[in-house]
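With mature numbering (1 follows the signal peptide of the UniProt record, and there is no 0) as the guide, the letters of the sequence shown map in order to residues -22 to -1, 1 to 588. Backbone N, C-alpha and C fix where the C-beta goes; we use that ideal spot for every residue, glycine too. Working notes for the structure below.
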Amino acid sequence: MLNKLRIAILVGAALLTQSALAADQNRTISYLTSWGLPHGARADLENTKVDTFLLSFGKWDAEGNINSSDKIIDIPPYNPWSLDNNAYETWTTLKLDHPEKKMMVAFGGQNDEIIWSYITSQVQREKLANSLVNLLKTDYPVYKKGLKPEEMQGECLSKDDKGTCQMNHNQKAGTVQLDGIDFDFEKAARLTPEENDNLLKLSQRIRQLLGPNSKKMLSLTTYHVGADPIECSTTDSKDCSYVNSDHSGEVLPLLSKSKGVFDFYNVMAYDAGHNFKYKVAMSNYAKALGDKSKLILGTTINKQWAPDGNFAESKENNLERAKWQAQNQYGGFFVWTLGSNTEQMNMEHQVEYINDMRKAAGDNSTPAPDVDYTAPTAPANLQASVSGKDITLNWQPSTDNVGVTGYWIYRDSRKTDATPFTTWKDNAAIAGVEYSYHVVAHDAAGNRSQASETVNAKIVQDEEEDAVVHPHAPKGLTVDSVTKNALNLRWKPVNNVTVTKYHVYRNGVKTATTANSELRESGLTAGTTYRYYVIAETAKGVQSAASATFTAKTSDDTVVAPSESDWKTGTAYKAGTVVTYQGKKYRCLQSHSSIETWNPVAAFSLWKAL
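Given below as structure tokens:
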């Protein structure tokens, strides 16, 4: 009995010693996805203030075998010209050049929730723990071109016919290791106490195998409501960050028992709609864990789920959250994600966005002085004038401490268009219909002004027009193919009256008129976002209201899925696309390129059954 007690004390001391690694505060963490990661991303990532990357995603099978998305942690075959694995090359070269940056693998997520059923027995956990420890001790070769002979590690890997080492080919520059493992502990269904206990035992065993002097890290990522009182699943109170969630309080048993196991805890304080109380969520986690410094506030620069439709959080709010967690002595913030982006931000802009959040968090919990928190003044003296069949808005320019970037136009309280100017023409107004308008200014930091005053305007309709039947506004705008310089627009034909032509507007300017319900747009710029709407017209010149604005982006010959089709792999799906899979219809929740394991049945976060 005494020996068992001594062993328990030694193991506990080892775990507590390891947890001292978590003394770092004000971390800046980001997921790094293998998909949507452009070639040359490392050049942008060199400038990021992120200190810890969560490589997305890893999983294991029932035998403890490990694999990852797009083989991001698989050592590729050597090739003197190209490794044919952009994600691997990106993170390994970044780690070699910046050893202070931590590289962890995120295992799990809702798409791979089956992995939690593979750690139910001690035998399974033992196999997996050894596999994960071996993964953390793996030396990953790093290859670079243009090395100097003294920078090359080992023998020359590529020589010419004369035996001369080809330094313009890939040569081994060194090796790197992964720094840790993140368990993205989530499921569509509620996590059970048994599943909490299984993950705790696995994590404790990994710590034991690594030893007390290891610098490898373990972290835990959980749903935003995981530490809420269980009663919040049915009853609201001031202690509930969200009500009516099946996941309220689901990881409370794990939090209370794992204080010496995990270096930090990522709280997915988003993906719950506009009314989610992230401050309450973090407070509940702090009460359960007893250590604020190990809690990381989750944010996203991509669209998130909401009961009334997906939406992207404003940059202003994300800056405020990064600042808030630092001022309240939490452990930092994490971002979903660098790589694939639903808002069509390129890697450079994603890095700038996260760096701005880092500035907001500041050092030693003090916001940096160069962060712009000042919103522009509201546009003043908004006026609407009617001329013929057009309504024109004019207003006085807003002012800002740095500079106004542009203005958003709202018609009947809905964002309709954007412009960098102080005048805007509504070419889609229908005679006889009164509209209300207001304008909001914004700056480059994402700060937005208060709304201008609201003005009303109506195009007067003569008596002959009163008896005219207007065509319905075209619906169903979509694209069925996109290349770097062209795209095919389609829409549903208007059929309430006979329509003879359709006018197509790009970025508010009419670019084409066609008798068909489709149009091929060519001569476009690669990687550019365009806004389209369509107006129908009868033979008598009677026009419809404008269709809803449709946004499309040119690409490097990537085929975009039709608005409705059978689900296929290797296809770029946009949010809102409907597919048929195994006889059922599903709607895409966030833009992505499909792979076999992300089918609508398996990928709950990407698809919703209709």
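Taking the Cα of His420 as reference, the smallest distance to any Cα among Asn434, Ile408 and Thr400 is reached at Thr400. For Ser234, the uninterrupted alpha helix (DSSP H) run begins and ends at Leu230 to Lys235, by DSSP. Contiguous beta strand (DSSP E) elements confined to the region 454 to 515 occur at 465 to 470, 479 to 484, 487 to 492, 496 to 499 and 507 to 515, taking only those with 3 or more residues. One thing to note: Leu497 has its Cβ within 7 Å of the Cβ of Leu467. No Cβ-Cβ contact shorter than 7 Å links Gly14 with Ser365. Around the C-beta of Ile159, 16 or more other C-beta atoms lie within 10 Å, and the residue is accordingly described as buried.
Only buried fits Tyr121, as 16 or more other CB atoms lie within 10 angstroms of its CB. Between the alpha carbons of Asp334 and Gly561 lies a gap of roughly 46 Å. Here Ala21 is exposed, its C-beta having fewer than 16 other C-beta atoms within 10 Å.
DSSP lists no beta-bridge partner residue for Asn57. Secondary structure note for Leu275: its beta strand (DSSP E) is the uninterrupted segment Leu273 to Thr278.
Within a 10 Å sphere around the beta-carbon of Gln131 sit fewer than 16 other beta-carbons, which makes this residue exposed. Remark: C-beta atoms of Pro357 and Ser430 approach each other more closely than 7 Å. Sixteen is the threshold: since fewer than 16 other Cβ atoms of the shown chains lie within 10 Å of the Cβ of Glu412, the residue is exposed. Rounded to whole angstroms, the separation of the alpha carbons of Thr397 and Val457 is 24 Å. Here DSSP, grouped into helix, strand and coil, assigns Trp585 to strand. A residue is called buried when at least 16 other Cβ atoms come within 10 angstroms of its Cβ; Gly310 meets this threshold and is buried. In the structure shown, Gln439 adopts coil according to DSSP, grouped into three states.
Judged by DSSP secondary structure, Glu412 falls within the beta strand (DSSP E) whose first and last residues are Glu412 to Asp421. Only buried fits Gln149, as 16 or more other CB atoms lie within 10 angstroms of its CB.
Taking a C-beta distance under 7 Å as the contact criterion, Asp48 and Ser12 qualify as a contact pair. Contact annotation: Thr170 and Tyr118 have beta-carbon atoms that are not nearer than 7 Å. Three or more Cβ pairs closer than 8 Å define a contact, and the region 192 to 205 meets that threshold against the region 223 to 242.
Taking 7 Å as the cut-off, the beta carbon of Leu360 is found closer than this to the beta carbon of Val417.
Less than 7 Å separates the beta-carbon of Tyr511 from that of Ala524.
Distance from Ala362 to Leu297 at the Cβ level is roughly 34 Å; contact not present, criterion being Cβ atoms closer than 8 Å. In this structure Phe254 touches His202 by the C-beta definition: roughly 7 Å separates them, less than 8 Å. Counting only unbroken stretches of 3 or more residues, the beta strand (DSSP E) elements lying wholly within the region 127 to 157 are 149 to 154, in sequence order. Secondary structure note for Ser34: its beta strand (DSSP E) is the uninterrupted segment Thr30 to Trp38.
Within the same chain, Cβ atoms closer than 7 Å to the Cβ of Leu74 are found at Val120, Ala151, Gly152 and Val154, the five residues on either side in sequence being excluded.
Remark: C-beta atoms of Phe161 and Gly86 approach each other more closely than 7 Å.
Just measuring C-alpha positions, the residue of Asn63, Ser533, Tyr564 and Gly287 sitting nearest Lys546 is Tyr564.
Around the beta carbon of Asp224, fewer than 16 other beta carbons sit within 10 angstroms, so the residue counts as exposed.
According to the DSSP assignment, Asp544 belongs to no alpha helix (DSSP H) but to the beta strand (DSSP E) extending over Glu542 to Asp544. By the Cβ criterion, the region 99 to 108 is in contact with the region 174 to 184, since at least three pairs of Cβ atoms, one from each stretch, lie closer than 8 Å. A check of alpha carbon separations from Gly204 across Ile184, Ser215, Ser261 and His252 identifies Ser261 as the nearest.
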